[in-house]
Amino acid sequence: MRGGQCTAWAPVLQFTNCRILRGGVLLREDLWVRGGRILDPEKLFFEERRVADKQRDCGGCILAPGFIDVQINGGFGVDFSKATEDVGSGVALVARRILSHGVTSFCPTLITSPPEVYHKVLPQISVKSGGPHGAGVLGVHLEGPFISHEKRGAHPEAYLRSFEANAFHDVLATYGPLDNVRIVTLAPELGRSHEVIRALTAQGICVSLGHSVADLKVAEEAVQSGATFITHLFNAMLPFHHRDPGIVGLLTSDQVPPGRCIFYGMIADGIHTNPAALRIAHRAHPQGLVLVTDAVPALGLGNGRHTLGQQEVEVDGLTAYVAGTKTLSGSIAPMDVCIRHFLQATGCSVELALEAASLHPAQLLGLEKTKGSLDFGSDADFVVLDDTLHVQATYISGELVWQAEKAGP
Amino acid sequence: MKLIILENYSQASEWAAKYIRNRIIQFNPGPDKYFTLGLPTGLPQEHPESYHSFMWNNFFKHIDIHPENTHILDGNAADLQAECDAFEEKIQAAGGIELFVGGIGPDGHIAFNEPGSSLVSRTRVKTLAMDTILANARFFDGDLAKVPTMALTVGVGTVMDAREVMILITGAHKAFALYKAIEEGVNHMWTVSAFQQHPRTVFVCDEDATLELKVKTVKYFKGLMLVHNKLVDPLYSIKEKEIQKSQSAKKPYSD
């Protein structure tokens, strides 16, 4: 655990010769860390009259808040939707391997599965702080089974469900206890969705709209009931139509309650979304854009056939299809690749591209006071990047947890 | 007095910075020999956060000074005069100020020694002139009611005790003050004029600040720039001197 009075005696680390992302700008500033948190050096200087105990030269690199992936189905052969006896090890393996992508916190995602799977898997995934062992688990993202049949995408048809009969009770019966659940994706056109959205939101769970044929009106009502996120915008929803923009229209809707920001996930792997569509979304509502990987177990493995949920998946280069079809089956682009592609496709600032993978997901989950930024008092989860935004090193709680191998002399 | 005239604000700032750097290197400071740099209190003390932030953001965070070696007048002290007296004692304890760097106000004041301040004054509490209050309003969102009317300041005498004094003057609005400071007599209405009686003073200014001086004065000192520029020639830095001792590489840093 970090924080507390004992941190006053913890060593002070000063990261020098770097540019840090703070307040939406890359500043030529040093980053100070103590007790796993970002420290205010001015207070240290004038009130405690202390200097740093250790200094680390960052070689002119960029220091950005650690990336947060709120939609990742597995990776490196691990499938979060698979009910094994030791789900914990799988989660731990992914948590460790994604450190090299700059991800310091994530939400393991389960796609549509039968209740037995949820009852077996969910109790084995607990919210956990990150560290040298791997990225932190913020909670589980449940994508389905309360989704549209027509827009199920790669989700297995047999396990789709509705909550028309008993609303929230159906939800609890399907998933089991929701203790470690952080996000639920559902289709708002399903009967009694408003009750379910309100009940989930009351429990502090983020409700996301996705895999749906909802029109804009239904989507707006869902937002008014408490939904705050859109799962992989454009994918698995009705296309934008100028007389009925559908869920996509939420980006510029005037029915969003004041003070609320609609966030939307985008898979910027160069395959799931045409760059022009990426630009339209970004220009319409840049502050709501959240980069997600939606990575499948094949992430980090080579070409060939692999398992996702209850289905088989075919991997070819940077593309993954449902075996035997042309339906996309999640992405295998790591988070840092997505950020670079997003930057190049939209021509946005480096600052915004980095915020889309750190600050915005933190804001979505209401964690912006401790995650997603390098503000004083935030958790010292950050990533060291070169000018081309390639990850050089990853830190969690001010501790080095991953480092790129240096090129030989 | 040396009057150094540079073309503009940037060049004047750079010249001054190089001069200070060279003076520190020539002094050859070490663990038992501290170079004491004096700076005037930049802002009235009643908003210690603003002042400390100012010093932190503009100076301390860019260098590796140890907080114990910084001494700032505390405007929130219970007994302000005792705070001022203690400050004077700290200066003595440090062996006196080696180099004092300051600017002047449009009314010719140094630090907060407003017109009428004694030319032998010490560190003390001072009421501020309206001009100064107006000038400081920009630090308080332009709200005159918020601007403090008192400040702790080093005295003219305190600065005169420094072994060397450097005054920076840029901009046309300071031109008249510069004229009064160096072409007229010593006068407590223009407290900077006191430095006519200091053995080592350097005035660094830009062209605009010379607008009220006699053409003869300006031409004379511009003619000396060839000599004066030698004062800012690159020197081996202290680190490099150490390296030089262990190796034989010869390469002065570039400007």
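From first to last, the protein sequence lines are chains A and B. The numbering used here numbers the first residue of the first sequence as 1 and each following residue consecutively. The numbering used here numbers the first residue of the second sequence as 1001 and each following residue consecutively. Even glycine gets a Cβ: it sits at the ideal position worked out from N, Cα and C.
Secondary structure in the stretch 1107-1154 of chain B: the beta strand (DSSP E) runs of 3 residues or longer, each lying completely within the stretch, are 1124-1127 and 1150-1153 in chain order. Listed in chain order, the positions of the stretch 33-50 of chain A with a beta carbon within less than 7 Å of a beta carbon of chain B are P41, E42, F45, F46, R49 and R50.
Leaving aside the five residues that flank T1191 of chain B on each side, the residues in its chain whose CB is nearer than 8 Å to its CB run, in chain order, G1108, H1109, I1110, N1113, E1114, P1115, S1117, L1119 and V1156. Judged by DSSP in its simplified three-state form, T1201 of chain B adopts strand. Taking G1223 of chain B as the centre and dropping the five residues before and after it, the same chain places no C-beta closer than 7 Å to its C-beta. Between R198 of chain A and T228 of chain A, the gap from beta carbon to beta carbon reaches 8 Å or more. Between I267 of chain A and V292 of chain A, the gap from beta carbon to beta carbon is short of 8 Å. Three or more pairs of CB atoms, one per stretch, sit closer than 8 Å, so the stretch 380-398 of chain A contacts the stretch 131-142 of chain A.
The count of Cβ pairs closer than 8 Å, one atom from the stretch 1140-1149 of chain B and one from the stretch 1174-1188 of chain B, stays below three, leaving the stretches out of contact. Against chain A, the CB of E1083 of chain B has no partner CB under 8 Å away; the residue lies outside that interface.
For Q1026 of chain B, the uninterrupted alpha helix (DSSP H) run begins and ends at Y1009 to F1027, by DSSP. With a threshold of 16 other beta carbon atoms within 10 Å, I183 of chain A meets it and is buried. Going by DSSP, T394 of chain A is part of the beta strand (DSSP E) stretching over V391 to I396. Those residues of the stretch 1213-1242 of chain B placed with their C-beta closer than 7 Å to a C-beta in chain A do not exist.
Excluding residues up to 5 positions away in sequence, K1090 lie with their Cβ nearer than 6 Å to the Cβ of H1071 of chain B in the same chain. Taking 8 Å as the CB threshold, H1066 of chain B lines the interface with chain A. Out of B:F1140, B:G1095, B:N1028 and B:Y1009, the CA that lies nearest to the CA of K1239 of chain B is found in B:N1028. Proximity to P145 of chain A across A:G210, A:A276 and A:N180 peaks at A:G210, based on C-alpha coordinates. By the Cβ neighbour-count rule, I147 of chain A is buried, with 16 or more other Cβ atoms within 10 Å of its own. Assignment of E29 of chain A by DSSP, reduced to helix, strand and coil, places it in the coil class. Looking at the DSSP output, N1187 of chain B bridges to B:W1190.
Contact between F15 of chain A and F1060 of chain B fails: their C-beta atoms lie close to 18 Å from each other, not under 8 Å.
In the DSSP assignment, V184 of chain A falls within the unbroken beta strand (DSSP E) covering V181 to L186.
If you look at Y159 of chain A, you'll find it isn't in any beta strand (DSSP E); DSSP assigns it neither H nor E.
Within 10 angstroms of the beta-carbon of H169 of chain A lie fewer than 16 other beta-carbons, which makes it exposed.
Interface residue (Cβ-Cβ distance to chain A less than 8 Å): H1071 of chain B is not classified as such. Flagged as an interface residue toward chain A: F1060 of chain B, by a C-beta distance shorter than 8 Å. Here the stretch 214-234 of chain A makes contact with the stretch 183-193 of chain A; the two share three or more CB pairs at distances below 8 Å. Boundaries cannot be given for V51 of chain A, as no alpha helix (DSSP H) includes it and DSSP labels it neither H nor E. Distances from the alpha-carbon of A165 of chain A to those of A:R192, A:A154, A:P41 and A:T112 put A:R192 closest.
In this structure, DSSP gives L1080 of chain B a helical state, which the three-state scheme calls helix. The C-beta of S1050 of chain B comes no closer than 8 Å to any C-beta of chain A. C-alpha of I125 of chain A to C-alpha of D79 of chain A: approximately 13 Å in a straight line. Burial of L1128 of chain B is indicated by the presence of at least 16 other C-beta atoms within 10 angstroms of its C-beta.
Taking CB atoms only, W1015 of chain B has no neighbour in chain A less than 8 Å away.
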